[in-house]
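Residue numbers (the UniProt record's numbering): 1 to 61.
Backbone N, C-alpha and C define an ideal beta-carbon position, used for all residues, glycine too.
Computed from a predicted model, the values in this text were never measured in an experiment.
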Amino acid sequence: MDIQRAKEIIASSETIHVNYNGNSIWIDQVNEDGVTATVHLQGEHQHKQQVKLSDLNERNH
């Protein structure tokens, strides 16, 4: 996923489905390096992790 799309997803009021390694995740923020994002699994807000934007995939319903 590119940085611009990740930022659009974060700003959206709609639910946009994103996968990381086959798991549904929420993007919390794009990190300052512009290469990674902070994400968490749906329903697990306390388990945040840093992942490469290139490993995130938007999925169609």
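Anticipated Cβ contact below 8 Å, residue i with residue j, distance rounded
i: residue 38; j: residue 48; result: 5 Å
i: residue 53; j: residue 3; result: 6 Å
i: residue 40; j: residue 25; result: 6 Å
Residue i - partner residues in DSSP beta bridges
i: residue 37; result: 30, 51
i: residue 63; result: Since the first residue of the chain shown is 1 and the last is 61, residue 63 is not available in this structure.
Top-ranked residue by Cα proximity to residue i, from the options
i: residue 57; options: 14, 4, 22, 13; result: 22
i: residue 5; options: 24, 30, 46; result: 30
i: residue 46; options: 59, 60, 28, 34; result: 28
i: residue 33; options: 50, 20, 19; result: 50
i: residue 55; options: 14, 8, 20, 12; result: 20
i: residue 1; options: 18, 12, 14, 13; result: 18
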